[in-house]
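What follows is a short report on a single structure.
Protein chains: 2
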Amino acid sequence: MEQEFSSKLLENAVSELARLPGVGRKTALRLALHLLRQDTDVAVGLGRAIIDLREGITYCRVCHNISETEICPVCANPARDKSKVCVVETVKDVMSFENTRQFDGVYHVLGGLISPIDGIGPDSLEIDSLIERVSNGGIKEVILALSPTMEGDTTNFYIYRKLMGHDVVVTQLSRGVSVGNEIDYTDEVTLGRSLVNRVPFAK
Amino acid sequence: MEQEFSSKLLENAVSELARLPGVGRKTALRLALHLLRQDTDVAVGLGRAIIDLREGITYCRVCHNISETEICPVCANPARDKSKVCVVETVKDVMSFENTRQFDGVYHVLGGLISPIDGIGPDSLEIDSLIERVSNGGIKEVILALSPTMEGDTTNFYIYRKLMGHDVVVTQLSRGVSVGNEIDYTDEVTLGRSLVNRVPFAK
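These protein sequences, in sequence, are chains A and B.
Going left to right, the first sequence walks through residues 1 to 203 as my numbering numbers them.
Going left to right, the second sequence walks through residues 1 to 203 as my numbering numbers them.
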């Protein structure tokens with residue numbers, strides 16, 4: 001049931017806000033009334049920031065990460081090791097890995113994972129462009145950094161097969177107990193895997 | 001800890017979205033990335049709707065309800081009975097009562113309730129303007145439609161005292177069991193009140 005407001009401007013703002021994920025019409029109305037109570041600067045700042053974001057951001061031609069330029073800052077940085085490519089699912093994963101400050105290579109954003117049940121096949125993802133990047137030479141290692149889920153493993157395996165025959169080392173994220181997690185709370189599959197894949201003790 | 005994004009536009013959008021009530025930086029990032037995945041029209045539509053809302057909406061000079069004009073549609077409507085004024089806390093309450101389609105009078109939005117603990121005194125609210133409206137004549141009934149809470153009752157009583165000596169009938173919302181609620185789930189105070197204030201049976 002659509003509620004009707006006396007003001008067209010309010011109706012419009014509520015409808016637009018309600019299109020955001022996880023925001024229903026009730027929440028949208030609460031947000032709109034909140035914005036009305038703030039200084040004009042606050043609402044105009046938010047509105048402008050959203051428009052500028054969408055109009056100013058594009059995707060890197062090389063790695064498909066979000067960027068304000070044709071080539072993103074990571075790919076354009078001469079200090080980054082272009083011979084190591086970390087394959088991730090989303091733009092957000094790039095941020096997560098960047099925040100670890102443990103990686104000096106570059107990325108390749110797939111834009112999703114293979115999931116036949118959701119109708120997402122390899123062609124909907126940036127897999128061909130990854131193979132092309134590898135074919136162009138200069139890449140020594142492809143790191144598969146996808147989620148350890150059914151879809152992630154399927155995608156890992158698909159890419160691995162596509163890369164067979166190319167002169168490139170394919171690695172994947174180590175799997176094991178999470179740092180800071182108690183053994184007691186770790187699931188059995190992870191625990192078993194961490195035992196099988198045990199590594200020499202490092203002090 | 002503030003996360004830093006490689007893009008200033010993204011950083012700005014996340015910061016602005018995170019100022020919304022109930023939206024933290026994680027949710028703000030999720031919303032921003034969602035908007036990036038949509039067509040440009042969607043994000044620009046949302047941004048424009050927010051700016052237009054704040055710049056186009058003002059408050060009715062008479063009742064302090066939101067309005068796109070100096071006098072809101074309710075106050076400007078010749079079919080509404082100007083002799084009955086329903087006093088409410090917020091703009092949202094006006095919408096709730098309008099949705100009932102049971103009221104043909106006009107409103108007066110206080111903008112809050114008296115709450116000494118939150119530093120809200122009568123002077124922060126539109127109470128003087130209500131008394132002035134009544135003093136100007138033409139109003140026969142003031143309906144106190146505030147929440148049945150401590151603050152609501154305090155505000156009700158304050159307004160009631162201010163209106164003493166004016167030639168006006170002061171009424172308040174009936175209190176009793178909610179329609180559709182089971183007796184079993186109704187609190188004792190409400191139940192007691194509904195018994196004391198019982199009314200003749202109407203079929």
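Backbone N, C-alpha and C define an ideal beta-carbon position, used for all residues, glycine too.
| task | Give me the Cα-Cα distance between Ser7(A) and Lys140(B), rounded to the nearest whole angstrom. | result | As a first step, residue 7(A) is located in the first sequence; it is residue number 7 there, counting from the start. As a first step, residue 140(B) is located in the second sequence; it is residue number 140 there, counting from the start. Those two C-alpha atoms are separated by around 28 Å.
| message | I need the DSSP call for Met1(B), collapsed to helix, strand or coil. | response | Numbered from its first residue, the second sequence carries residue 1(B) at position 1. A caution first: Met1(B) carries a pLDDT of 40, below 50, which makes its placement in the model unreliable, though a value can still be read off. Met1(B): coil per DSSP, three-state reduction.
| message | Short of 9 Å Cβ to Cβ, which residues in the segment 72-83 of chain B face chain A? | response | Cys72, Pro73 and Val74
| Test: His34(B) CB closer than 9 Å to a CB of chain A | If you number the second sequence from 1, residue 34(B) lands on position 34. Yes - at least one Cβ of chain A is within 9 Å of the one on His34(B).
| Lys205(A) - containing alpha helix (DSSP H), residue span | No information on residue 205(A) is available, as it lies outside the stretch 1 to 203 that chain A covers here.
| field | Top-ranked residue by Cα proximity to Val170(B), from Val62(B), Asp52(B), Gly112(B) and Tyr158(B) | value | Here residue 170(B) corresponds to residue number 170 of the second sequence, with the count starting at 1. Here the closest residue by C-alpha is Tyr158(B).
| task | Identify every run of the beta strand (DSSP E) within the segment 94-158 of chain B, keeping only runs that are complete inside it and at least 3 residues long; order them along the chain. | result | 105-109 and 141-144
| message | Please report the straight-line C-alpha distance between Ala18(A) and Val23(B), rounded to a whole angstrom. | response | The count along the first sequence starts at 1 and reaches residue 18(A) at position 18. The count along the second sequence starts at 1 and reaches residue 23(B) at position 23. Each residue's alpha carbon lies about 14 Å from the other.
| Residues near Ala76(A) by beta carbon distance below 8 Å, same chain, minus five either side | Stepping through the first sequence from its first residue, residue 76(A) is reached at position 76. Counting only Cβ-Cβ distances below 8 Å, and skipping sequence neighbours, we find Thr69.
| Strand pairing of Val169(A), partner residues [DSSP] | In the first sequence, residue 169(A) corresponds to position 169, counting from 1. DSSP lists Glu141(A) as partners of Val169(A).
| Since Tyr59(B) sits in a beta bridge, which residues does DSSP pair it with? | On the second sequence, position 59 is the one that residue 59(B) refers to. Tyr59(B) is bridged to Ile66(B).
| task | Count the other C-beta atoms from every protein chain shown that fall within 10 angstroms of the C-beta of Thr149(A), then say buried if there are 16 or more, exposed otherwise. | result | For this step, residue 149(A) is matched to residue 149 along the first sequence. With fewer than 16 other Cβ atoms within 10 Å, it is exposed.
| task | Specify the secondary structure class of Pro21(A) as computed by DSSP and reduced to three states. | result | Position 21 of the first sequence holds residue 21(A). Note: Pro21(A) maps to coil in three-state DSSP.
| query | Can you tell me whether DSSP reads Gly180(A) as helix, strand or coil? | reply | On the first sequence, position 180 is the one that residue 180(A) refers to. Looking at Gly180(A) - three-state DSSP - the assignment turns out to be coil, as it is neither helix nor strand.
| Taking 9 Å as the CB-CB limit, is Lys162(B) close to chain A? | Stepping through the second sequence from its first residue, residue 162(B) is reached at position 162. Closer than 9 Å: no.
| said: I'd like to know whether the C-beta of Thr100(B) is nearer than 9 Å to at least one C-beta of chain A. | reply: What you label residue 100(B) is simply residue 100 of the second sequence in a count that begins at 1. False, the Cβ-Cβ gap to chain A never drops below 9 Å.
| said: Mapping the DSSP letters down to three states, classify Thr40(A) as helix, strand or coil. | reply: The sequence position of residue 40(A) within the first sequence is 40, counting from 1. In the structure shown, Thr40(A) sits in a helix (DSSP, three-state: H, G or I).
| request: Leaving aside the five residues before and after Phe5(B) along the sequence, list all residues of the same chain whose C-beta is less than 6 Å from its C-beta, in chain order. | output: In the second sequence, the residue the question calls residue 5(B) occupies position 5. If we look at Phe5(B) and ignore the five residues flanking it on each side, its Cβ neighbours are Glu11.
| field | Buried or exposed (CB count within 10 angstroms, at least 16 for buried), Gly165(B) | value | For the purposes of this step, residue 165(B) is taken as the residue at position 165 of the second sequence. Answer is exposed; the Cβ neighbour count stays below 16.
| task | Would you give the residue range spanned by the alpha helix (DSSP H) that Thr190(A) belongs to? | result | Walking along the first sequence from the start, residue 190(A) turns up at place 190. Where Thr190(A) is concerned, the enclosing alpha helix (DSSP H) stretches over Glu188 to Val196.
| Using the rule of at least 16 other Cβ atoms within 10 Å of the residue's Cβ for burial, across every protein chain shown, is Met1(B) buried or exposed? | Counting from 1 along the second sequence, the entry for residue 1(B) is found at position 1. Residue placement at Met1(B) is poorly supported in this model, since its pLDDT is 40, which falls under 50; the coordinates still yield a value, given next. Looking at its Cβ environment, which holds fewer than 16 other Cβ atoms inside 10 Å, Met1(B) is exposed.
| query | Since Glu151(A) and Ile114(A) are thought to touch, with beta carbons under 8 Å apart, how far apart are those beta carbons, to the nearest angstrom? | reply | In the first sequence, counting from the first residue as 1, residue 151(A) sits at position 151. In the first sequence, counting from the first residue as 1, residue 114(A) sits at position 114. With a Cβ gap of about 6 Å, Glu151(A) and Ile114(A) count as contacting.
| task | Can you have a look at Ala79(A) and say buried or exposed, based on whether 16 or more other CB atoms are within 10 angstroms of its CB? | result | On the first sequence, residue 79(A) is found 79 positions in, with the first residue counted as 1. So Ala79(A) counts as exposed.
| Would a C-beta distance cut-off of 9 Å place Arg133(A) and Val74(A) closer than the cut-off? | The sequence position of residue 133(A) within the first sequence is 133, counting from 1. The sequence position of residue 74(A) within the first sequence is 74, counting from 1. No, the Cβ-Cβ distance between Arg133(A) and Val74(A) is not below 9 Å.
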